[in-house]
Amino acid sequence: MDSISKRTATPHPAEVPAGTMRAAIITGAGELTIKQVALPKPKSGEIRIRLEGCGVCASNLTPWAGPDWMQFPTEPGGLGHEGWGVIDAVGENVNDLDVGDRVAALSYHAYASHDIAKADAVVKLPPELDGKPFPGEPLGCAMNIFRRAEIQAGQTVVIIGIGFLGALLTQLAAKVGTRVIAISRRAYSLDIAKRMGAAEVIPMEDHWQIIARVKELTGGQFADRVIEAVGKQWPLDLAAELTRERGRMIVAGYHQDGPRQINMQLWNWRGIDVINAHERDPEIYRQGIREAVEAVASGRLDPSSLYTHTFPLDGLGDALDATRDRPDGFLKALVTYP
Numbered sequence: 003m004d005s006i007s008k009r010t011a012t013p014h015p016a017e018v019p020a021g022t023m024r025a026a027i028i029t030g031a032g033e034l035t036i037k038q039v040a041l042p043k044p045k046s047g048e049i050r051i052r053l054e055g056c057g058v059c060a061s062n063l064t065p066w067a068g069p070d071w072m073q074f075p076t077e078p079g080g081l082g083h084e085g086w087g088v089i090d091a092v093g094e095n096v097n098d099l100d101v102g103d104r105v106a107a108l109s110y111h112a113y114a115s116h117d118i119a120k121a122d123a124v125v126k127l128p129p130e131l132d133g134k135p136f137p138g139e140p141l142g143c144a145m146n147i148f149r150r151a152e153i154q155a156g157q158t159v160v161i162i163g164i165g166f167l168g169a170l171l172t173q174l175a176a177k178v179g180t181r182v183i184a185i186s187r188r189a190y191s192l193d194i195a196k197r198m199g200a201a202e203v204i205p206m207e208d209h210w211q212i213i214a215r216v217k218e219l220t221g222g223q224f225a226d227r228v229i230e231a232v233g234k235q236w237p238l239d240l241a242a243e244l245t246r247e248r249g250r251m252i253v254a255g256y257h258q259d260g261p262r263q264i265n266m267q268l269w270n271w272r273g274i275d276v277i278n279a280h281e282r283d284p285e286i287y288r289q290g291i292r293e294a295v296e297a298v299a300s301g302r303l304d305p306s307s308l309y310t311h312t313f314p315l316d317g318l319g320d321a322l323d324a325t326r327d328r329p330d331g332f333l334k335a336l337v338t339y340p
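Using the working numbering, the first residue of the sequence shown is number 3, and each one after it goes up by one.
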């Protein structure tokens with residue numbers, strides 16, 4: 003793919019006529035356009051959200067690269083699933099949500115000024131979060147992964163991959179009294195891990211040197227919990243090597259680019275528990291978002307410094323490229339709408 007994506011745009015938001023909205027449509031590998039389309043109306047059991055913004059997820063990068071299975075053009079707003087904003091229309095048979103409520107949503111066309119969501123797929127945001135971005139889906143994922151990892155005070159926790167998710171998990175684990183060892187390839191990410199509370203950081207450079215270092219730090223026992231948060235083969239291999247006997251290895255990385263091989267001999271010998279910490283049940287997703295709302299509102303989780311780059315809707319292509327290329331200082335991109 004060419005490093006400079008082809009993009010076009012339609013009128014500024016102030017010029018969009020009533021009854022329409024602006025939405026991103028991905029038209030090919032590294033190519034998108036912003037179009038003016040009809041404003042959708044909520045059906046029974048649905049609400050419409052005037053979006054304030056949407057987080058950019060690394061899972062968008064494979065479709066953005068244009069694999070053979072990808073179908074273009076996408077639906078308006080497609081691929082965006084980390085949106086938050088204010089309800090501006092309510093369909094029939096919705097009883098506990100009103101126009102004006104600020105919410106985080108599990109919706110799937112959020113690269114647009116508006117999106118439709120089922121009423122049972124949104125979480126209200128309290129006044130403590132007014133004016134703050136809240137990409138509920140990834141924050142909820144972090145809470146669900148943390149719960150399934152069964153992390154407790156006194157444990158040693160290794161986190162491989164300090165992107166947005168790994169940084170959130172570092173903060174959550176450190177705050178309950180664990181010793182976190184963070185492993186990542188970028189010096190910037192390791193600095194973030196330290197700020198989030200990691201006791202030790204290790205550059206992700208040499209496989210056997212990493213293993214030797216963690217073995218040294220743990221008195222030869224390795225870690226009680228190891229969270230793989232990259233989604234590639236090598237980090238998965240490394241995670242198993244760093245998990246102690248009867249420890250727990252948590253797969254949080256999104257492995258979307260093909261099958262993986264595992265060292266079953268090692269898994270068997272150490273008797274490790276392996277947790278695939280991905281969820282598909284919308285209610286569990288929603289539970290995680292509710293827990294994230296409470297954690298952020300109470301100060302137990304503070305993601306604010308992790309939102310490193312903000313783009314307008316017209317800059318979505320640049321946001322996707324930055325998520326792919328990870329320039330120095332990059333951790334998480336948000337696309338925000340006026």
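A virtual CB, placed ideally from N, CA and C, is assigned to each residue, including glycine. Bear in mind that the values here come from a model prediction, so they are computed numbers and not experimental data.
Is the number of C-beta pairs between the stretch 92-102 and the stretch 51-64 that are closer than 8 Å three or more? no
Closest to D117 by C-alpha separation, out of L63, R150 and A25, would be which residue? A25
Three-state secondary structure (DSSP) at R248? strand
Whole angstroms is fine: what's the gap from I51's alpha carbon to N146's? 25 Å
Distance check for V178 and E33, CA to CA, integer angstroms please. 44 Å
Does the distance from the CB of G47 to the CB of A119 come in under 8 Å? no
Which of the three DSSP states, helix, strand or coil, is assigned to T172? helix
Cα separation between R282 and E293? 17 Å
If we count Cβ pairs, one from each stretch, closer than 8 Å, do we get three or more for the stretch 210-223 versus the stretch 236-245? yes
Less than 8 Å between the beta carbons of I36 and T76, yes or no? no
Along the chain, where does the beta strand (DSSP E) containing S186 start, and where does it finish? R181 to S186
Report the rounded CA-to-CA distance for T158 versus K217, giving the unit in angstroms. 12 Å
If you drop the 5 nearest sequence neighbours on each side, which residues of the same chain put their C-beta closer than 6 Å to that of S5? Reliability of the predicted coordinates at S5 is poor, the pLDDT of 34 falling under 50, and the value obtained from them is presented with this limitation in mind. Nothing meets the Cβ criterion.
Nearest-angstrom Cα separation, counted from R272 out to Q73: 43 Å
Could you tell me the alpha carbon to alpha carbon distance between P305 and G138, rounded to whole angstroms? 11 Å
Runs of alpha helix (DSSP H) wholly within the stretch 177-230 (minimum 4 residues, chain order): 189-197 and 209-219
Just the C-alpha distance for T172 and R227, rounded to the nearest angstrom, thanks. 12 Å
Suppose the cutoff is 6 Å on Cβ atoms and the five residues either side in sequence are ignored; what does the same chain contact list for A195 look like? I164, T172, A184 and V203
For D103, list the residues DSSP reports as bridge partners. Paired residue(s): none; D103 is not in a bridge.
If contacts are defined as beta-carbon pairs under 8 Å, then V337 and L308 qualify, I think. What distance do you get, rounded to the angstrom? Actually they do not touch by this definition, with Cβ atoms about 16 Å apart.
Name the residue from Q38, A20, K45 and P140 whose alpha carbon lies nearest to the alpha carbon of R288. P140
Helix, strand or coil, according to DSSP, for C56 in the structure here? strand
Starting from G85, follow its DSSP beta bridges and name the residues at the other end. C56
Who are the Cβ neighbours of P65 in its own chain at under 8 Å, not counting the five residues just before and after it? I28, M72, T76 and L81
Helix, strand or coil at N270 [DSSP, three-state]: helix
Between A67 and K126, what straight-line distance do the alpha-carbon atoms span, to the nearest angstrom? 34 Å
Would I274 pass as a contact of R248 if the rule is Cβ separation under 8 Å? yes
Of the residues G221, D132, G222 and I162, the one placed nearest A200, counting alpha carbons only: I162
Can you tell me whether R262 is buried or exposed? The criterion is at least 16 other CB atoms within 10 Å of its CB, across all chains shown. exposed
Check whether the Cβ atoms of G93 and E54 sit closer than 8 Å, and answer yes or no. no
Under three-state DSSP, which class holds R282? coil
Find out if the Cβ-Cβ distance for the pair V253, A279 is shorter than 8 Å. yes
Go ahead and label L268 buried or exposed: buried means 16 or more other beta carbons lie within 10 angstroms of its beta carbon, across all protein chains shown. exposed
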